[in-house]
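Protein chains in written order, with our numbering: chain E, 2 to 425; chain V, 340 to 486. Here the structure comes first, spelled out in structure tokens, and everything after it is commentary.
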Amino acid sequence: MSRESRHAVGINREKCVGCVHCLTACPTRAIRIRDDKAQILDELCIDCSECIRFCPHDAVDSHTTPFAELRAFAYKVALPATALYGQFGNDTRPNEILSALRRIGFDQVFELSTLCELHTAAVDEFLTAHRLPRPRISSTCPVVVRLIQKRFPSLCDLIVPIEPPREFAAKILRATLPGILKLRPEEIGIIHITPCPAKIVSINHPATMAKSYLDGAVSIRDLYPALRTALKEIDEKSLMRHLFPETVFSGLGLGWSLSGGETRGLKNHRIVAVAGVRDTIRVLDQVEAGLLKDVDYLECMVCPDGCVGGPLAVENRFVAKSRIQRQVHAAGERTALDRTELSSLYQKDFLSFQHAVVPDPVPLLDADPARAIEKAKLREEIRRRLPGKDCGACGAPDCRTLADDIVRGSAHPDDCPLAGKEKK
Amino acid sequence: MAKERAFRQAFPVKGGDFSRAGDVSCLIKNLLKEIGVPAPILRRLAIASYEAEMNIIMYAAEGTADLTVTPDEVRLVYSDRGPGIPDITLAMREGYSTATAEMRELGFGAGMGLPNIKKNADTFLLASEPGRGTRLEIAIRLNGRQL
């Protein structure tokens, strides 16, 4: 279907009934119904997954890495998103979850909360060193980066040029593991465990580097049944392991999957945390209008409540959030990081983007400005003649978008089933 | 058609409606993005149009934003029915503001609005009749692009 598409979401044509749920849910108006099936317009889609959330027929697939594909690697390393820690029963400790990942087939599991704390500390240094312009915007959510490239190209320069924890975690492992394991780099698969499909886009088509350090992203949803079974089979050995916890968690990094979690450690800066794709768009509009200049750092997460609300998580986000909050509370402000080590990594640009985020604006009305203006006029005339019911029956999400499609040549006024009827 | 090549649209702006503040400038901004206005010019337009819209929302009962886009420039005329500006020279001074405590609580009224608009516009014409209303005309050139 969308095999050659750059996106992580695609319509399952067998399941799609051509209704309008995804059409109206899409915040970038990237979906049309054509020949009774939904179709995602590549150049407009930002992989926010609202369509996955709203489809009542489970007809939007996400193209994350299938678990079985990992067999190709001689040595499999898991880097689970911290959102995973909220997915299982109340008393399930993060350490048990990491050990369950090992039991289902990963050779090694690395914990990300420490690297989340490292990221916070790096952002702290960056914000202190770069006073202007403001506000700076986090690059952690790959959908926000796409959204800025496409819809807010003038804000590209505000993105803090520090890779997200999953990437520099993989970078560190890529640099160290082959030597330790005596394996060739390509034999080692470094895999993110993700609550969202957008990560696979940031791996396959990274915005700030030539090639991602990660080899794939498996969804929490796909691993959940096996992990659940593995967690039930707690044996004596794994109980004993709790007495010698193999992993040190960072209190500051554990809450990263919750909105505001990323910025909790930024005590020296004025921060604002936004969650949800529509609110993110609203706030970015304000930034573009010159507002929020008194804010140092803007954390935007397009999923509701943060990554914990990702569409490929299993547990409802309220319960998951409550569990993670308890884990954060239990861990307190415990830090897992040596600040001087961080400074040296930061100074060496080890954590930085390879290149800046560059604009990738949505298609213009016309390459020629004079003709673009003509088309804008024509579009407005057409829009006025349309009924304004935004019913979606024509296949576009609303009348304005139909008018837009008409002037761009991909739709016809007759597509409107109400056309000709007097606009009320 | 050949003569009238400009895109024109009038947007009503409702005074006192802080919850919709920025909606009109956002519509204008999105239109200009689709026409291909380059990012640095777009930012100036976004800032100037937002501030001008805010002035109507903060002080006037109602007003309109009249947008004219040609391949050469974007022109915006904001006219409102409001208290007017008794002393324009004073109003143009940075830091001068007649904003109420309530507006300041909302983060407005730093006295930078009009100077900020002027800074970002290539043409800036402000006329006012106290007690009647204000008319602000701004234009930003879309230079450096061939037709």
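Note that beta-carbon positions come from the ideal geometry of N, C-alpha and C, so glycine has one too. The model shown is predicted, which means the values in this text are computed figures rather than measured ones.
Asked, Found
"Suppose contacts are defined by Cβ-Cβ distances below 8 angstroms. Is V408/V in contact with I380/V by that definition?", "no"
"Please report the residue range of the beta strand (DSSP E) in which C301/E lies.", "Y298 to M302"
"Residue ranges of each alpha helix (DSSP H) run of no fewer than 4 residues wholly in the region 340 to 383 of chain E, ordered along the chain?", "340 to 348"
"I'd like to check one pair, G472/V with R414/V: are the Cβ atoms closer than 8 angstroms?", "no"
"With DSSP as the reference, identify every bridge partner of Q40/E, one or two as the case may be.", "R33/E"
"Who are the neighbours of I374/E on chain V, taking C-beta pairs under 9 angstroms?", "R344, A345, F346, I374, V408, T409 and P410"
"Would you call I374/E buried or exposed, if buried means 16 or more other Cβ atoms sit within 10 Å of its Cβ?", "buried"
"Among R167/E, S155/E and Q150/E, which residue has its Cα nearest to the Cα of T141/E?", "R167/E"
"Would DSSP call P81/E helix, strand or coil?", "strand"
"Would you call P370/E buried or exposed, if buried means 16 or more other Cβ atoms sit within 10 Å of its Cβ?", "buried"
"Where does E187/E sit, in a helix, a strand or coil, going by DSSP?", "helix"
"Does any C-beta atom of chain B lie closer than 8 angstroms to the C-beta of S364/V?", "The structure shown has no chain B; the protein chains it does contain are E and V."
"Taking Cβ-Cβ distances shorter than 9 angstroms, what residues in chain V pair up with L232/E?", "Within chain V, no residue comes near L232/E; the closest Cβ sits about 47 angstroms away, beyond 9 angstroms."
"Short of 8 angstroms in beta carbon distance, which residues of its chain neighbour L1/E, apart from the five on each side in sequence? Order them along the chain.", "With chain E running from 2 to 425 in the structure shown, residue 1/E is simply not present."
"Grouping DSSP H, G and I as helix and E and B as strand, with all else coil, what is I424/V?", "coil"
"Please work out which residues of its chain come closer than 7 angstroms, Cβ to Cβ, to A385/V, disregarding the five sequence neighbours upstream and downstream, and give them in chain order.", "S364 and K368"
"K368/V versus chain E: which residues are under 7 angstroms apart at the beta carbon?", "E289"
"In whole angstroms, what is the alpha-carbon distance linking I489/E and T115/E?", "Residue 489/E lies beyond the residue range present for chain E, which begins at 2 and ends at 425; the question has no answer from this structure."
"Against chain V, which members of the region 348 to 365 of chain E pass a CB distance test of less than 9 angstroms?", "P360, P362, V363, P364 and L365"
"Mind checking if L488/V is an interface residue toward chain E, Cβ cutoff 8 angstroms exclusive?", "No information on residue 488/V is available, as it lies outside the stretch 340 to 486 that chain V covers here."
"Whole-angstrom Cβ separation of V202/E and R33/E, contact assumed at under 8 angstroms?", "V202/E to R33/E, Cβ: 21 angstroms. No contact."
"For P351/V, does the three-state DSSP call read helix, strand or coil?", "strand"
"For G448/V, return the contacting residues in chain E, with the cut-off set at a CB-CB distance below 7 angstroms.", "Within chain E, no residue comes near G448/V; the closest Cβ sits about 14 angstroms away, beyond 7 angstroms."
"Could you tell me whether the Cβ atoms of D361/E and K151/E are closer together than 8 angstroms?", "yes"
"Can you find a CB in chain V that lies within less than 8 angstroms of the CB of E44/E?", "no"
"In the DSSP assignment, what residue or residues form a beta bridge with V275/E?", "C301/E"
"If you check the beta carbons only, do R347/V and L429/V fall under 8 angstroms apart?", "no"
"What residues in its chain sit with their C-beta under 7 angstroms from that of F127/E, if we drop five residues either side in the sequence?", "V161 and I163"
"What do you get for N394/V, buried or exposed, if any count of 16 or more other CB atoms within 10 angstroms of its CB means buried?", "buried"
"Since I believe G291/E is in contact with Y297/V (beta carbons under 8 angstroms), could you give me their beta-carbon distance rounded to a whole number of angstroms?", "Any question about residue 297/V goes unanswered here, given that chain V covers just 340 to 486."
"Return no unless some Cβ of chain V is closer than 8 angstroms to the Cβ of R411/E.", "With the sequence shown as reference, residue 411/E is identified as Ser, and Arg is not the correct amino acid for it. No, no contact with chain V."
"Decide if T402/E is buried, meaning its Cβ has at least 16 other Cβ atoms within 10 Å, or exposed.", "buried"
"Counting contacts by CB-CB distance shorter than 8 angstroms, is A378/V in contact with chain E?", "yes"
"Give the residues from the region 380 to 402 of chain E that approach chain V closer than 8 angstroms (Cβ to any Cβ), ordered along the chain.", "E381"
"What do you get for I192/E, buried or exposed, if any count of 16 or more other CB atoms within 10 angstroms of its CB means buried?", "buried"
"What residue does the beta strand (DSSP E) around A420/E start on, and which one ends it?", "First-last for A420/E: undefined, no H or E at that position."
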